[in-house]
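Q: My questions all concern the structure below.
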Amino acid sequence: MAGLCEGGNKPPGSLKAIADNVRLGQASPLSYAKGCSVLLYGAHSWSLTERERDMLRKCQRKMERKTLNITLRHRLRNEDIRRQTHLKDAAETADKLKKKWAGHVMRLNANRWTHILRTWDPRIGKRNAGR
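Using this note's numbering, you'd call the opening residue of the sequence shown number 1 and step up by one each time.
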């Protein structure tokens, strides 16, 4: 862990500092863990459109290239880079996390506020007169 952030004035643990010290084709597992967790933070509550899925995939590919210190000039295919990183697609992972969260919420006890809010119907009852 000591040799990861020896480059200049970059904050320790930043993706740039880690990527600067990784040679072509050799990446640190720590950088992958940080990148994936940051990229998918809160994914269980996202409702992604196809455009947002594409943006998520582009961001993940860019992070993979940066982590491996590969530029577009190397002209490597995305599939080859994905094989080196052993990462799963971020958009698919976001969908999986959302389904996992939905299952968790469905199994919750009926007394909890999450269940009450999920099943609450604001149109129940009578309106007050004088509106």
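Beta carbons: idealized from backbone N, C-alpha and C, even for Gly. It should be emphasised that the depicted structure is a prediction, and the values quoted were computed from it without experimental measurement.
Along the chain, where does the alpha helix (DSSP H) containing Asp80 start, and where does it finish?
A: For Asp80, the uninterrupted alpha helix (DSSP H) run begins and ends at 78-85, by DSSP.
Q: Going by the CB atoms, is the gap between Arg118 and Ala91 shorter than 7 Å?
A: no
Q: Leaving out five residues on either side along the sequence, give the residues of the same chain with a beta carbon under 8 Å from the beta carbon of Trp101.
A: His44, Ser45.
Q: Can you tell me whether Leu108 is buried or exposed, with buried defined as 16 or more other CB within 10 angstroms of its CB?
A: exposed
Q: The alpha helix (DSSP H) spanning Ile116 covers which residue range?
A: 113-119
Q: Take Asn78 and list the residues in its own chain whose beta-carbon comes closer than 6 Å to its own, dropping the five residues that flank it on each side.
A: Arg61
Q: Taking the alpha helix (DSSP H) that Lys126 falls in, what are its first and last residues?
A: Neither: Lys126 is in no alpha helix (DSSP H) and is coded neither H nor E.
Q: Roughly how many angstroms lie between the CA atoms of Met63 and Thr49, to the nearest whole one?
A: 21 Å
Q: Which full runs of the beta strand (DSSP E) of 3+ residues lie inside the region 34-81, going along the chain?
A: none
Q: Give the secondary structure of Asp89 by DSSP, where H, G and I count as helix, E and B as strand, and everything else as coil.
A: coil
Q: Closest to Lys58 by CA distance: which of Trp113, Asp89, Pro122, Tyr41 is it?
A: Asp89
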